[in-house]
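Okay, structure first, notes after.
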Amino acid sequence: MPHVDLTEAQWRLLARLAEGPVGDPSDRAAFARDLAVDGLDVDRARADLPTLRWMKLVDLAEGGLVLTDLGAAVHFRALFEAAQERLGEVALLADAREAVAPRFARAVRRVADGTYSLPEALADLDKGPPFTG
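Numbering (UniProt numbering), first residue to last: 1 to 133.
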């Protein structure tokens, strides 16, 4: 899947559509009502629609605006990549403080990389103080 560059407003609209369809953009009142719940700007969303439709990320169907399969893939890939980045940062934080709390740091890093489940990490930490090797 190619990398997709979208504006923050476009990403937010995809996220909203991942929850379900919204009203037809030609019915401004219904469209505005559906988007207002999430604090999305109706005019911005309407301006973004031609680009998002051209990219085949959204479409009009079922009487409203829906996320296409490609749009869903792009949205969930971005969520996955953001989660990977956060887990990487958690592991870096553990590395940075390993000298202070080595067992705790190792447990956090192992949970972040998937070699420990949370119960396994907690059980390991229960064996003794987390600030020892």
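Ideal Cβ placement from N, Cα and C applies to all residues, glycine included. The structure presented is a predicted model; accordingly, all values stated were derived computationally and were not measured.
Asked, Found
"What does DSSP give as the partner residues of residue 67 in its beta bridges?", "58"
"Between residue 12 and the rest of its own chain, which residues show a CB-CB distance below 8 Å, the 5 nearest in sequence each way excluded?", "38, 40"
"Helix, strand or coil: how does DSSP classify residue 23 here?", "strand"
"With a cut-off of 8 Å on the beta carbons, I'd call residue 118 and residue 104 a contact; round off their distance for me.", "About 13 Å; that fails the 8 Å criterion."
"Is the distance from the Cβ of residue 75 to the Cβ of residue 9 below 9 Å?", "no"
"Taking the straight line between their C-alpha atoms, what separation do you get for residue 72 and residue 78?", "10 Å"
"Measuring only the C-alpha atoms, how far is residue 26 from residue 123?", "57 Å"
"May I ask which residues mark the beginning and end of the alpha helix (DSSP H) holding residue 37?", "Element bounds for residue 37: n/a, residue is neither H nor E."
"I need the DSSP call for residue 17, collapsed to helix, strand or coil.", "helix"
"Is the separation between the beta-carbon of residue 65 and that of residue 87 shorter than 9 Å?", "no"
"Can you tell me whether residue 106 is buried or exposed, with buried defined as 16 or more other CB within 10 angstroms of its CB?", "buried"
"Buried or exposed: which applies to residue 22, given that a residue is buried once 16 or more other Cβ atoms fall within 10 Å of its Cβ?", "buried"
"Flag residue 78 as yes if its beta-carbon sits less than 9 Å from any beta-carbon of chain B, otherwise no.", "This model lacks chain B altogether; it includes just one protein chain."
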